[in-house]
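Worksheet: the structure to be examined is printed underneath.
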Amino acid sequence: MAALLVSESELISKKQKSKLIFGLLDSQKAFDVVHHDILLDKLFDQNIDPDIWEIIFDMYNNLTSKVKWKNGFSNSFPVRQGVRQGGILSTHLYKLYINDLLTELEENGMGQYIGTNFTGCPTCADDIILLSSTEEEMQSMLDTSKRYSDKHRYKIHPTKSVTINKYSNSKTTKSEVQFKLDDKNMPSAKQGTHLGIIRAIKDQNKTNIQDRISLARRTAYSLMNVGVHGTNGLNPKTSYMIYRVYVLPRLLYSLEVLPLNNGDIKLLRDFHVNFLRQIQALPSRTAISAVYLLVGALPIEAEIHKRVLSLFHSIFSSNNENLKKALERQYVLQTHELTFLNRVADILYMYNLPPWTDLKDQLPSKLSWKCKAKEAINSYWKVNLQRDANSKTTLKFLCIPNLDIGKPHSIWNSLPPNIGELRKATIKARLCTGTYIFQSQKARFSNMNLDATCPICQLEEDIIHFLTRCPVLEGIRRESLSVIKRITINKIGLGNWNSNFHERTCIAQLILDCQQLALNNILPLDDLFLNSIEELSRNLCYRLHLKRVSFLNI
45 MAALLVSESE LISKKQKSKL IFGLLDSQKA FDVVHHDILL DKLFDQNIDP
95 DIWEIIFDMY NNLTSKVKWK NGFSNSFPVR QGVRQGGILS THLYKLYIND
145 LLTELEENGM GQYIGTNFTG CPTCADDIIL LSSTEEEMQS MLDTSKRYSD
195 KHRYKIHPTK SVTINKYSNS KTTKSEVQFK LDDKNMPSAK QGTHLGIIRA
245 IKDQNKTNIQ DRISLARRTA YSLMNVGVHG TNGLNPKTSY MIYRVYVLPR
295 LLYSLEVLPL NNGDIKLLRD FHVNFLRQIQ ALPSRTAISA VYLLVGALPI
345 EAEIHKRVLS LFHSIFSSNN ENLKKALERQ YVLQTHELTF LNRVADILYM
395 YNLPPWTDLK DQLPSKLSWK CKAKEAINSY WKVNLQRDAN SKTTLKFLCI
445 PNLDIGKPHS IWNSLPPNIG ELRKATIKAR LCTGTYIFQS QKARFSNMNL
495 DATCPICQLE EDIIHFLTRC PVLEGIRRES LSVIKRITIN KIGLGNWNSN
545 FHERTCIAQL ILDCQQLALN NILPLDDLFL NSIEELSRNL CYRLHLKRVS
595 FLNI
């Protein structure tokens, strides 16, 4: 939420073409220098429950420590400062320790405002940032921060703390003011990090996105040892689940507070789609809708929208009235088209959800809101991706109505944990998505400069020819297809087989995606039966592929 206030202040500065100065303060060993007596006094002043105060008092009173060296221990010594690293209460205690500084800045009117709402020091624990539109005010805020740190026995690093003079108007003359902290010059930087977000003079969104993509790529590389890659790795269904848990959160961390444009989204989309292609071993020419739907994945835009809506609920279910009023003012005055509530309003309209003005008055529970938003987002993208898939001739053999968000296709869903079976499924996935290259496609891509005939039998080669007609592959086809035919006849009867499978296209559909035939009531909706057809057809496609490749390599 603190990062969101910084982004909103930036948008106002950009719209008004005014100056905005950031002061990023680095507290030396912040959690280690919290003085216990001062902390307990501040807790007492908050009028908290006496029992809770005594529990915290017992945690830190008469605290001692020893140093272990080799096999011995030093004499014990008292510990009078520092909160426990990693403790659940530690960040909350530090917030209380630093809160009087933020209150003093606000009461003295020092810092940036959004209307009448103070946004001069949006801070979380030891991650402090100061915002001001004038050099004099910024220097006063720095002096106040330094005086407070001396009083509370912690240090602000004068060289690691930086100021950023951000200008949204290139014609504005750059300030020559040198800010000071403890009588030492503070560095003036082009960018700095606050709450994991890079704040920069220019190209801020692009810089953050490149940083996120770099981190996500390193995370993905680190997962390759466990099999999160293509043909010789894990089932793509499993790889995608790992990606959602480990990679996607790092890729999208805090991006919901930034006003991203279409160019920014494209950078994220390219990484997202390329990763999904790689774990499914699909070529770059694969239709994007198929890349998503085969593993049941959402586009990156939808993942960002989910996070924006979750942040919206967190804000309006909190007690932070200052933030709510600042955001509402931004929306009412339409200070910028990319303010947070403008983006929320567009997203809610896009997914046919109630407007935010109605939601804030009757806010659902967190769980209820997440379920409702997830259902609306999944439904919207299911319809749009299926519509796009229906327009692709390369996907004519896929059972598109069965493709859904969160539901992998049977190619991956029926796959046993076996590398050999994964290789077979990869070939079938390429056949189903129209990315397995036959001579007819090569001829079309070369403006008919190449021959479209099968190099094995000299007949025109396409997917129907490969699966049902090529005489050189007949031995393999007869052996495997006879088994598929037998179990299908046992299920639907010989009469139904003869009436429905007299055309080669229907046989090709049975081999590639029998779910479509079940949807058309030609085959029964029996999962065990359909999975057995899937397994047999997977073996058939792979054996035909190996035979074809062996002939072409002679």
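Numbering (the working numbering), first residue to last: 45 to 598.
Glycine residues also receive a C-beta, built at the ideal position from the N, C-alpha and C atoms.
Nearest-angstrom Cβ-Cβ length linking residue i and residue j, presumed shorter than 8 Å
| i | j | result |
| --- | --- | --- |
| L64 | S189 | That belief does not hold up - the Cβ atoms of L64 and S189 are roughly 18 Å apart, past 8 Å. |
| I348 | L299 | 6 Å |
| A420 | L397 | 6 Å |
| I531 | S576 | 6 Å |
| G126 | V77 | 7 Å |
| L186 | Q156 | Incorrect: roughly 14 Å between the Cβ atoms, too far for contact. |
| F482 | E505 | 5 Å |
| L304 | I344 | That belief does not hold up - the Cβ atoms of L304 and I344 are roughly 10 Å apart, past 8 Å. |
| M182 | F121 | So it is not a contact: roughly 41 Å between Cβ atoms. |
| F66 | I158 | Contact flag wrong, Cβ pair sits at about 16 Å. |
| R587 | S524 | 7 Å |
Residue i, enclosing beta strand (DSSP E) - first and last residue
| i | result |
| --- | --- |
| Q235 | Q235 to H238 |
| L137 | Note, L137: premise wrong, no beta strand (DSSP E); alpha helix (DSSP H) at S134 to E151. |
| I242 | I241 to A244 |
Unbroken alpha helix (DSSP H) run spanning residue i, endpoints
| i | result |
| --- | --- |
| K281 | P280 to I286 |
| F174 | Here residue 174 turns out to be Leu, not Phe, going by the sequence shown. First-last for L174: I172 to S176, but that is the beta strand (DSSP E), not the alpha helix (DSSP H). |
| C585 | D571 to L596 |
| G307 | N306 to Q324 |
| T263 | Q248 to S266 |
| R464 | For the record, residue 464 in the displayed sequence is Gly; it is not Arg. Where G464 is concerned, the enclosing alpha helix (DSSP H) stretches over I463 to C476. |
| Y375 | E365 to L377 |
| S184 | E179 to K195 |
| R35 | Since the first and last residues shown for the chain are 45 and 598, residue 35 lies out of range. |
| L403 | W400 to L403 |
| P94 | P94 to Y104 |
| I348 | I344 to F360 |
| T479 | Where T479 is concerned, there is no enclosing alpha helix (DSSP H), given that its DSSP letter is neither H nor E. |
| Y336 | I332 to V339 |
Own chain, CB closer than 8 Å to residue i, minus 5 neighbours either side, in chain order
| i | result |
| --- | --- |
| D432 | A331, I332 and S333 |
| L596 | P499 and I500 |
| F117 | K110 and V111 |
| V593 | none |
| S361 | L407 and K410 |
| W97 | L84, L87 and F88 |
Residue-level contact to chain B via CB, residue i, 9 Å cutoff
| i | result |
| --- | --- |
| E98 | Within the model displayed, chain B is absent; a lone protein chain is all it includes. |
Residues that DSSP places opposite residue i in a beta bridge
| i | result |
| --- | --- |
| L292 | According to DSSP, which records beta bridges pairwise, L292 is partnered with nothing at all. |
| S71 | I200 |
| E504 | T497 |
| N209 | I65 |
| L225 | K228 |
| K112 | F117 |
| K451 | D448 |
| Q125 | H79 |
| F162 | Y157 |
| C168 | D171 |
Neighbour-count burial assignment, residue i, 16 or more Cβ in a 10 Å radius
| i | result |
| --- | --- |
| Q378 | exposed |
| L411 | exposed |
| P166 | buried |
| I256 | One detail in the question is off: residue 256 reads as Arg in this sequence, not Ile. Buried, by the Cβ-count rule. |
| Y198 | buried |
| S53 | buried |
| L69 | buried |
| K310 | exposed |
| H136 | exposed |
| L55 | buried |
| F319 | buried |
| L517 | buried |
Close Cβ partners of residue i (< 7 Å) along its chain, the five nearest in sequence each way excluded
| i | result |
| --- | --- |
| T275 | A325, L466, R467 and T470 |
| A260 | V291, R294, L295 and F315 |
| I566 | N544 |
| I286 | L267 and V272 |
| A251 | According to the sequence displayed, residue 251 carries Thr and not Ala. Cβ neighbours of T251 beyond the five flanking positions: Q235, I242 and A244. |
| N366 | N161 and F162 |
| V221 | E179 |
| C443 | D557, Q559, Q560 and L563 |
| T15 | Coverage of the chain is limited to positions 45 through 598, which leaves residue 15 absent and any answer about it impossible. |
| L580 | S524, V527 and I528 |
Near the ligand FAD: residue i beta-carbon under 8 Å from a heavy atom
| i | result |
| --- | --- |
| I449 | Absent from the structure shown: the ligand FAD. Ligands present: none. |
Beta-carbon contacts of residue i that lie in its chain and below 6 Å, excluding the five residues immediately before and after
| i | result |
| --- | --- |
| N422 | I449 |
| T217 | A caution first: T217 carries a pLDDT of 48, below 50, which makes its placement in the model unreliable, though a value can still be read off. Excluding positions up to five away in sequence, the list is empty. |
| I551 | T512 and F545 |
| I323 | P280 and S283 |
| G236 | L68, V206, I208 and R243 |
| G478 | T438 |
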